[in-house]
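Have a look at the structure below before the remarks.
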Amino acid sequence: MIVPLEHVLLFAAALFFIGLVTVVARRNLIMILLGVEVMLNAAGVVFVAAALRWWDIAGQGMVLFIMGVAAAEIAVGLTLVFRVWRRTRSLNPDSLKTLKD
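Going by our numbering, the first residue of the sequence shown is number 52, and it counts up by one from there.
The following block contains the structure:
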């Protein structure tokens, strides 16, 4: 059974919206990172859907690139989160205003 392109795009839009709400509404650095990760996955779903629709392998190559960027983003982001945690003992993004040295 082939899923119509419109359904895949609606799913990706919903996934992107969930990630955007997570980034905007949460006051926790780890949840913000997870929201960004969900938004990157939604972009990957769109690229795969477009690749299947137009029979072009470039979309799937872009997904591999997005996965690499997401892995690097999580590695750097978690390192920064641990650094903030050690310094402020809080994961609240508002506590970052005190890191001025």
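Glycine included, every Cβ here is placed at the ideal spot set by N, Cα and C.
Every value quoted in this text rests on a predicted model; they were computed, and no experiment measured them.
* Buried or exposed for Thr130, please, with buried defined as at least 16 other CB atoms from any protein chain shown within 10 angstroms of its CB. => Position 79 of the sequence shown, counted from the first residue, corresponds to residue 130. It is exposed - the Cβ of Thr130 has fewer than 16 other Cβ atoms within 10 Å.
In this structure, how does DSSP classify Trp136 when only helix, strand and coil are distinguished?
Taking the first residue of the sequence shown as 1, we reach residue 136 at position 85. Helix at Trp136.
Spatial neighbours of Leu136 within its chain, please: C-beta separation below 8 Å, excluding the five flanking residues on both sides.
Along the sequence shown, read from residue 1 onward, the residue named residue 136 stands at position 85. In the sequence as displayed, the identity of residue 136 is Trp instead of Leu. The answer, listed in chain order, is Leu142.
By Cβ distance, which residues of its chain are closer than 6 Å to Met90, with the 5 residues on each side in sequence left out? Position 39 of the sequence shown, counted from the first residue, corresponds to residue 90. Here the set comprises Phe67, Gly70.
Going straight from the alpha carbon of Ile108 to that of Val99, what length do you get?
Working through the sequence shown from its first residue, we reach residue 108 at position 57. Working through the sequence shown from its first residue, we reach residue 99 at position 48. The straight-line gap from Cα to Cα measures roughly 9 Å.
Worksheet item: In this structure, does DSSP put Ser146 in helix, strand or coil?
Response: As a working note, residue 146 is residue 95 in the sequence shown. Helix, per DSSP.
Between which two residues does the alpha helix (DSSP H) harbouring Arg104 extend?
-> Numbered from 1 along the sequence shown, position 53 holds the residue referred to as residue 104. Where Arg104 is concerned, the enclosing alpha helix (DSSP H) stretches over 80-105.
(Q) Beta-carbon within less than 8 Å of Leu60's beta-carbon, same chain only, minus the 5 sequence neighbours each way: which residues are those? (A) As a first step, residue 60 must be located in the sequence shown, where it is residue number 9. So the list reads Val97, Ala100, once near-sequence residues are dropped.
- Alpha carbon to alpha carbon, what distance is there between Gln111 and Val87? Translated into positions along the sequence shown, residue 87 becomes position 36. Translated into positions along the sequence shown, residue 111 becomes position 60. Taking the straight line joining both Cα atoms gives about 20 Å.
Check whether Val127 and Ile81 have beta carbons under 9 Å apart
By one-based count along the sequence shown, residue 127 stands at place 76. By one-based count along the sequence shown, residue 81 stands at place 30. Contact flag unset, no.
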